[in-house]
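Inspection log for the structure reproduced underneath, given as structure tokens.
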Amino acid sequence: GAGVSQSPRYKVAKRGQDVALRCDPISGHVSLFWYQQALGQGPEFLTYFQNEAQLDKSGLPSDRFFAERPEGSVSTLKIQRTQQEDSAVYLCASSLTQGAAEQYFGPGTRLTVT
Amino acid sequence: KQEVTQIPAALSVPEGENLVLNCSFTDSAIYNLQWFRQDPGKGLTSLLLIQSSQREQTSGRLNASLDKSSGRSTLYIAASQPGDSATYLCAVRGNDYKLSFGAGTTVTVRA
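Chains as they are written, first to last, in this note's numbering: chain A, 1 to 114; chain B, 1001 to 1111.
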């Protein structure tokens, strides 16, 4: 079956622009996660949804970052007034339930802020 | 906060040699530990998942061990091939749902 998909795969933004990154989880997966991976580093947790409820946003770096999952399926990560330090790969993952052992990752969106 | 360290950061071996990748973590109260593979420009592919009650998992040429009390896991790849060249990431899940990742080990297998 289809895995986790993300779009766009690559995004170049000028500093100060707003961007929106989309994640389509595996159908039926309750839990959805966003991670940020800087160059040469491992992914860092950003936020977590269970269905449409955002249960944890403790990893969001600043109030310029906002995530939503209004119908409990597709999620959007929005970054306002992008800064150069926002350049990274943004990874989305989903799992069947909160307690499920495995998270399945999408291919990521590479954001470059110039 | 859980800290995950992977050593070495990079590894280059000739084809056929066995690979040993190390992962250490600071908080032994984990739910599971997962090894991922990441190819350039790609997402993460799960290789092996070890539950906290398990000592090891095997899949084909891959074997991962877990010593929770000492905060260590080792990934062994037998008889390496050029197609094994990638970055390998170790991730620890605590009793919540978050994964804490190491920075990875970049492996190059020379033909």
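Glycine is no exception: its CB is placed at the ideal position from the N, C-alpha and C atoms.
Just to check my reading of the structure: residue i and residue j have Cβ atoms closer than 8 Å, yes? What is that Cβ distance to the nearest angstrom?
| i | j | result |
| --- | --- | --- |
| THR82/A | VAL19/A | 6 Å |
| VAL1107/B | ALA1086/B | 6 Å |
| GLU68/A | SER58/A | Rounded, the Cβ-Cβ distance is 17 Å, inconsistent with contact. |
Indicate whether residue i and residue j have their beta-carbon atoms separated by less than 7 Å.
| i | j | result |
| --- | --- | --- |
| ILE1050/B | LEU1062/B | no |
| PHE1025/B | PRO43/A | no |
| LEU21/A | THR114/A | no |
| CYS92/A | GLN36/A | no |
| GLN50/A | VAL30/A | yes |
| SER1059/B | LEU1044/B | no |
Note the first and the last residue of the continuous beta strand (DSSP E) segment covering residue i.
| i | result |
| --- | --- |
| ASP24/A | 19-24 |
| ARG1110/B | 1105-1110 |
| ILE1017/B | In the sequence as displayed, the identity of residue 1017/B is Glu instead of Ile. Premise fails: GLU1017/B is in no beta strand (DSSP E) and is neither H nor E. |
| ASN1032/B | 1032-1038 |
| GLN1002/B | Looking at the DSSP string, GLN1002/B is not in any beta strand (DSSP E), and its letter there is neither H nor E. |
Select from the options the residue whose C-alpha is nearest the C-alpha of residue i.
| i | options | result |
| --- | --- | --- |
| GLU102/A | VAL1109/B, GLY1094/B and THR1106/B | GLY1094/B |
| ASP1084/B | TYR1097/B, ARG1110/B and ILE1030/B | ARG1110/B |
| LYS1072/B | SER1053/B, THR1045/B, LEU1047/B and ASN1022/B | The sequence shown places Arg at residue 1072/B, not Lys. Ranking the options by Cα distance to ARG1072/B, first place goes to ASN1022/B. |
| ASP960/B | LEU1099/B, SER1028/B and PRO1040/B | With chain B represented from 1001 up to 1111, any question about residue 960/B goes unanswered, as that position is not in the structure. |
| LEU111/A | SER73/A, ARG69/A, GLN84/A and LEU60/A | GLN84/A |
| SER95/A | GLY16/A, ARG15/A, PHE33/A and CYS23/A | PHE33/A |
| GLY1016/B | GLN1002/B, ASP1039/B, ARG1037/B and GLN1081/B | GLN1081/B |
| LYS1001/B | LYS1098/B, THR1106/B, THR1045/B and CYS1090/B | LYS1098/B |
| LEU1019/B | GLN1038/B, THR1074/B and GLU1003/B | THR1074/B |
| VAL89/A | GLY3/A, ASP56/A, TYR10/A and VAL4/A | TYR10/A |
| SER87/A | SER75/A, PRO61/A and GLU68/A | PRO61/A |
| LYS78/A | GLU71/A, PHE66/A, PRO70/A and GLY72/A | PHE66/A |
| ALA973/B | ALA1079/B, VAL1107/B and ALA1064/B | No statement about residue 973/B is possible, as the shown extent of chain B runs from 1001 to 1111 and does not include it. |
| GLY3/A | ARG15/A, GLN41/A, ASP24/A and GLY99/A | ASP24/A |
Who pairs with residue i in a beta bridge, going by DSSP?
| i | result |
| --- | --- |
| GLN1081/B | None; GLN1081/B has no bridge partner. |
| ASN1022/B | ILE1007/B and THR1074/B |
| ASN1063/B | THR1058/B and TYR1076/B |
| TYR104/A | SER94/A |
| VAL113/A | ALA13/A |
| ALA1086/B | VAL1107/B |
| ASP56/A | TYR48/A |
| VAL89/A | GLN37/A and ARG110/A |
| ARG1093/B | ASN1032/B and LEU1099/B |
Does residue i come within less than 7 Å of chain D when only Cβ atoms are used?
| i | result |
| --- | --- |
| ALA1010/B | The structure shown contains no chain D; the protein chains it does contain are A and B. |
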